[in-house]
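Below is one structure; the comments refer to it alone.
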Amino acid sequence: MDGMVPRQPSPNGVAGSTPMRTDDIGAAPVIRARSLSKHYGEVQAVKDVSFTVNTGDVYGFLGPNGSGKSTTIAMMLGLVQPTSGQIDLFGLGPARRSEGLMSVGAIIESPTFYPYLSGRDNMRVLARTRDGVTDARISEVLEIIGLSDSGSKRYGNYSLGMKQRLGIGSTLLHDPDLLVLDEPTNGLDPAGMLEVRHLIQRLADGGKTIFISSHLLNEVEQVCNRVAILSKGKIMAEGSTSDISRKGQAVRVRVDEPVRAKDVLNKLDGISSIDERDGYLTISVPASRTPELNVALVQAGIAVYELGPAGNSLEHVFLEITGASEEQRADAHLVE
Amino acid sequence: MADAAGITAPGTTVGTNRRQRHPASLASLVSMERIKIMKRPMTWITLLILVAATMAIVIIAYISIHASNLTAAQKADRIHNFTLPTGIQRSFEISGFFGAVVLVVLSASIVGSEYSWGTIRMMVGTGVTRSKLLLAKLIALSLATIVFVVVSAAAGSLASLLVTVLGGHTLTLGTVNSTWWGDLGLMLVRSFFARWVWVVVAFAIASIFRSVAAGIAVGIGWTFLEQIGAALLGLIGSIGDTINRYLISTNTAALTARNGFSPQSVDKGTPSSLHAFAVLVVYTAVLLAITFVVFRRRDIASGS
Numbered sequence: 001m002d003g004m005v006p007r008q009p010s011p012n013g014v015a016g017s018t019p020m021r022t023d024d025i026g027a028a029p030v031i032r033a034r035s036l037s038k039h040y041g042e043v044q045a046v047k048d049v050s051f052t053v054n055t056g057d058v059y060g061f062l063g064p065n066g067s068g069k070s071t072t073i074a075m076m077l078g079l080v081q082p083t084s085g086q087i088d089l090f091g092l093g094p095a096r097r098s099e100g101l102m103s104v105g106a107i108i109e110s111p112t113f114y115p116y117l118s119g120r121d122n123m124r125v126l127a128r129t130r131d132g133v134t135d136a137r138i139s140e141v142l143e144i145i146g147l148s149d150s151g152s153k154r155y156g157n158y159s160l161g162m163k164q165r166l167g168i169g170s171t172l173l174h175d176p177d178l179l180v181l182d183e184p185t186n187g188l189d190p191a192g193m194l195e196v197r198h199l200i201q202r203l204a205d206g207g208k209t210i211f212i213s214s215h216l217l218n219e220v221e222q223v224c225n226r227v228a229i230l231s232k233g234k235i236m237a238e239g240s241t242s243d244i245s246r247k248g249q250a251v252r253v254r255v256d257e258p259v260r261a262k263d264v265l266n267k268l269d270g271i272s273s274i275d276e277r278d279g280y281l282t283i284s285v286p287a288s289r290t291p292e293l294n295v296a297l298v299q300a301g302i303a304v305y306e307l308g309p310a311g312n313s314l315e316h317v318f319l320e321i322t323g324a325s326e327e328q329r330a331d332a333h334l335v336e
Numbered sequence: 001m002a003d004a005a006g007i008t009a010p011g012t013t014v015g016t017n018r019r020q021r022h023p024a025s026l027a028s029l030v031s032m033e034r035i036k037i038m039k040r041p042m043t044w045i046t047l048l049i050l051v052a053a054t055m056a057i058v059i060i061a062y063i064s065i066h067a068s069n070l071t072a073a074q075k076a077d078r079i080h081n082f083t084l085p086t087g088i089q090r091s092f093e094i095s096g097f098f099g100a101v102v103l104v105v106l107s108a109s110i111v112g113s114e115y116s117w118g119t120i121r122m123m124v125g126t127g128v129t130r131s132k133l134l135l136a137k138l139i140a141l142s143l144a145t146i147v148f149v150v151v152s153a154a155a156g157s158l159a160s161l162l163v164t165v166l167g168g169h170t171l172t173l174g175t176v177n178s179t180w181w182g183d184l185g186l187m188l189v190r191s192f193f194a195r196w197v198w199v200v201v202a203f204a205i206a207s208i209f210r211s212v213a214a215g216i217a218v219g220i221g222w223t224f225l226e227q228i229g230a231a232l233l234g235l236i237g238s239i240g241d242t243i244n245r246y247l248i249s250t251n252t253a254a255l256t257a258r259n260g261f262s263p264q265s266v267d268k269g270t271p272s273s274l275h276a277f278a279v280l281v282v283y284t285a286v287l288l289a290i291t292f293v294v295f296r297r298r299d300i301a302s303g304s
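Residue numbers (my numbering), protein chains in the order written: chain A, 1 to 336; chain B, 1 to 304.
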């Protein structure tokens, strides 16, 4: 993606490339969820979720559909009351939720606007909920999201991509310190997705804290410095993207005798799993051990046709953690 | 997308990891609701229907009476209801029924479609307190109600002016003095309040049930059910009469029955203005209290 490098966390969890404001030192985390749970009758949508997002983080919130991502975001935005636990924004608890939300720009699930209003009028409506958003700022934001020419067009006639852009634009209107983006690239074509990734990167470089919920693992891996992976309402893994990806490193190999190759590789130390699919073996092992695998296979008389990193390592972790089915894994590969 | 120069607007950082921002004022939120109402085609369509219906009834009634086989005296007596100045009072009456219906539709649509479109999530997610959002909507709808009352009465009066002039009747507004203006003001206030109660019913039901259809059905159905109920209650004697005195439609009718440019005689048993006002205030207060409590506590997990 145009040489974009994943942001690396600094020891305090702030991305290294992010300029920190001097008065941020010692400030409360931007988001702190503590033992957050939500039940809908018998259904437990979110179970004991805790995480912290620090100033300047681009935080990826990953999980399959129904894993509790949107419910967690809804609790963050005060749309849904937690059954237990709490979520603080900028150190402000639920009693001061409104105050905290003044500094947040959010799109939840898909962008929702008034279909009979133009894009610009929708922005004007939203601007009335914020203090000090001028018409000039609305024009500026429409320019940023590339809708200057279609600002007067009715929202109901917008394409899915335009709606998504307007949704992202609406989060920028009041120049918030925290952006909460739920599936921000939904409906965008590949070029649009790339633009959104660039925009997120620029916003992060400008000092914004960004919380992205997405199922596009490649996207998250490229823009986020920290991630949490949810499954069935629980956080299964949380940490820096690089640490989690490292755990998910795998090597993919194509050989003439997969069954025998599997036996050979299983005898090596530190190999937790070997998956066989479409004639390829995917071995959960750091890429640095690739030569060792090659030697072992060749010494066993097995012909090695292809050998290399198994692609998106975050995806590998995600699929392992969430226990995705073969079909879902195939879909995930297609997405990548 | 364009280069993000200007992505960050200037702001004041206040010793934490966020800049201080002030909540939107209630006036700003009312202005937001005003934009939504005024830019909505349904607003203008319902107003147009109300204006057209009011004017049409005045004109058609006049023509019907004129073309009827009544005696000249009977005709003159009835035509008097539709020519100025009595036509003004009649315009409030005629537009009252249609006004209540179109305002119920408008009110339920404005509240309920926030749920069907999912925009309620966006609004609540901005950090504006829920009570303030709801209050702003109610104020904006109340202002719309005033406009509908004034415009529909003006339209009826215009139709009345037309039939007065075109019918060759004497054009007079009566004795236009402070009493006349006071009576006109009272007619406006009574007509507004009588319609506003139905706006509140539709507002409350659409909000509680998150549905345009529920708001419209109950808002319109309530009137008819009460009227049927009132007729039946009238048959069962004093208890029925007592209950009847506490129905919404009985009390809105009691208010508007007093509209006119001189003290109006009302039927025996009609509740007093004070009684009617008090009963309607209780209804609206209870409905609004339930609506605000439900809305404040509700989970908005999805658009609807």
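Glycine included, each C-beta is placed from N, C-alpha and C at the ideal position.
In terms of residue numbering, what span does the beta strand (DSSP E) encompassing residue i cover?
{"i": "A/Arg254", "result": "Ala250 to Val255"}
{"i": "A/Arg226", "result": "Arg226 to Ser231"}
{"i": "A/Ser214", "result": "Thr209 to Ser214"}
{"i": "A/Asp88", "result": "Ser84 to Leu89"}
{"i": "A/Tyr305", "result": "Val304 to Pro309"}
{"i": "B/Gln20", "result": "First-last for B/Gln20: undefined, no H or E at that position."}
{"i": "A/Val180", "result": "Leu178 to Asp182"}
{"i": "A/Asp48", "result": "Val43 to Val53"}
By how many angstroms is the C-alpha of residue j removed from the C-alpha of residue i?
{"i": "B/Thr170", "j": "B/Pro263", "result": "23 Å"}
{"i": "B/Asn69", "j": "B/Lys75", "result": "9 Å"}
{"i": "A/Pro258", "j": "A/Gly41", "result": "48 Å"}
{"i": "B/Met122", "j": "A/Ile107", "result": "7 Å"}
{"i": "A/Asp131", "j": "A/Met102", "result": "9 Å"}
{"i": "B/Ser207", "j": "A/Leu36", "result": "28 Å"}
{"i": "A/Pro185", "j": "A/Gly279", "result": "For the record, residue 185 of chain A in the displayed sequence is Thr; it is not Pro. A/Thr185 and A/Gly279: Cα-Cα distance of roughly 33 Å."}
{"i": "A/Thr112", "j": "B/Val212", "result": "17 Å"}
{"i": "A/Ser150", "j": "B/Leu255", "result": "50 Å"}
{"i": "A/Leu79", "j": "B/Val124", "result": "7 Å"}
{"i": "B/Gly11", "j": "A/Leu142", "result": "Any reading at B/Gly11 needs caution, since the residue's pLDDT is 45, under 50, leaving its predicted position unreliable; the model's value is listed next. For B/Gly11 and A/Leu142, the distance between alpha carbons rounds to 20 Å."}
{"i": "B/Arg78", "j": "B/Trp117", "result": "49 Å"}
{"i": "B/Leu161", "j": "B/Leu280", "result": "33 Å"}
{"i": "A/Gly105", "j": "A/Leu179", "result": "5 Å"}
{"i": "A/Arg124", "j": "A/Gln164", "result": "17 Å"}
{"i": "B/Ser249", "j": "A/Leu181", "result": "49 Å"}
{"i": "A/Leu307", "j": "A/Leu92", "result": "51 Å"}
{"i": "B/Ser304", "j": "A/Asp88", "result": "Because the pLDDT at B/Ser304 is just 44, under 50, the model does not fix this residue reliably, and the value given afterwards should be weighed accordingly. B/Ser304 and A/Asp88: Cα-Cα distance of roughly 26 Å."}
{"i": "A/Leu62", "j": "A/Gly187", "result": "18 Å"}
{"i": "B/Gln20", "j": "A/Arg289", "result": "52 Å"}
{"i": "B/Thr175", "j": "B/Phe261", "result": "9 Å"}
{"i": "A/Leu293", "j": "A/His215", "result": "32 Å"}
Along the chain, where does the alpha helix (DSSP H) containing residue i start, and where does it finish?
{"i": "A/His39", "result": "It is not in any alpha helix (DSSP H) - A/His39 instead sits in the beta strand (DSSP E) that spans Ile31 to Tyr40."}
{"i": "B/Thr43", "result": "Pro41 to Ala67"}
{"i": "B/Thr86", "result": "Thr86 to Ser116"}
{"i": "A/Gly100", "result": "Arg97 to Leu101"}
Below 8 Å between beta carbons: does that hold for residue i and residue j?
{"i": "A/Ile145", "j": "A/Leu166", "result": "yes"}
{"i": "B/Asn244", "j": "B/Ala257", "result": "no"}
{"i": "A/Thr55", "j": "A/Thr209", "result": "yes"}
{"i": "A/Leu314", "j": "A/Val255", "result": "no"}
{"i": "B/Tyr62", "j": "B/Gly168", "result": "no"}
{"i": "B/Thr284", "j": "B/Leu134", "result": "no"}
{"i": "A/Arg343", "j": "A/Asp57", "result": "Shown here, chain A extends from 1 to 336; a query on residue 343 of chain A therefore has no answer."}
{"i": "B/Val151", "j": "B/Leu47", "result": "yes"}
{"i": "B/Ile49", "j": "B/Thr43", "result": "no"}
Any heavy atom of the ligand ZN within a distance shorter than 7 Å of the CB on residue i?
{"i": "A/Leu293", "result": "Within the structure as shown, the ligand ZN is missing, as the structure has no ligands at all."}
In chain A, which residues lie with their C-beta within 7 Å of the C-beta of residue i?
{"i": "B/Lys36", "result": "Tyr114 and Val125"}
{"i": "B/Gly118", "result": "Thr112"}
{"i": "B/Ser28", "result": "Arg128"}
{"i": "B/Ala24", "result": "Arg128, Thr129, Arg130 and Asp131"}
For residue i, return the contacting residues in chain B, with the cut-off set at a CB-CB distance below 8 Å.
{"i": "A/Val80", "result": "Asp299, Ile300 and Ala301"}
{"i": "A/Met193", "result": "Simply none; closest approach about 11 Å."}
{"i": "A/His215", "result": "None at all; the shortest Cβ gap to chain B is about 18 Å."}
{"i": "A/Met162", "result": "Chain B residues near A/Met162: none, gap ~11 Å exceeds 8 Å."}
Against residue i, what residues of chain A qualify as contacts under a CB-to-CB distance less than 9 Å, listed in chain order?
{"i": "B/Thr43", "result": "None at all; the shortest Cβ gap to chain A is about 10 Å."}
{"i": "B/Met32", "result": "Arg124, Val125, Leu126, Ala127, Arg128 and Thr129"}
Quick one: list the residues of chain D neighbouring residue i, beta-carbon separation under 8 Å, in chain order.
{"i": "A/Ser98", "result": "This model lacks chain D altogether, as its protein chains are A and B."}
List, in order along the chain, the chain A residues whose C-beta lies closer than 8 Å to that of residue i?
{"i": "B/Val124", "result": "Leu77, Gly78 and Leu79"}
So which residues of chain B does residue i contact, with C-beta pairs closer than 7 Å?
{"i": "A/Leu230", "result": "Under the 7 Å cutoff, chain B gives no residues; its nearest Cβ is about 17 Å from A/Leu230."}
Complete runs of the beta strand (DSSP E) confined to the segment 230-289 of chain B [at least 3 residues]
none
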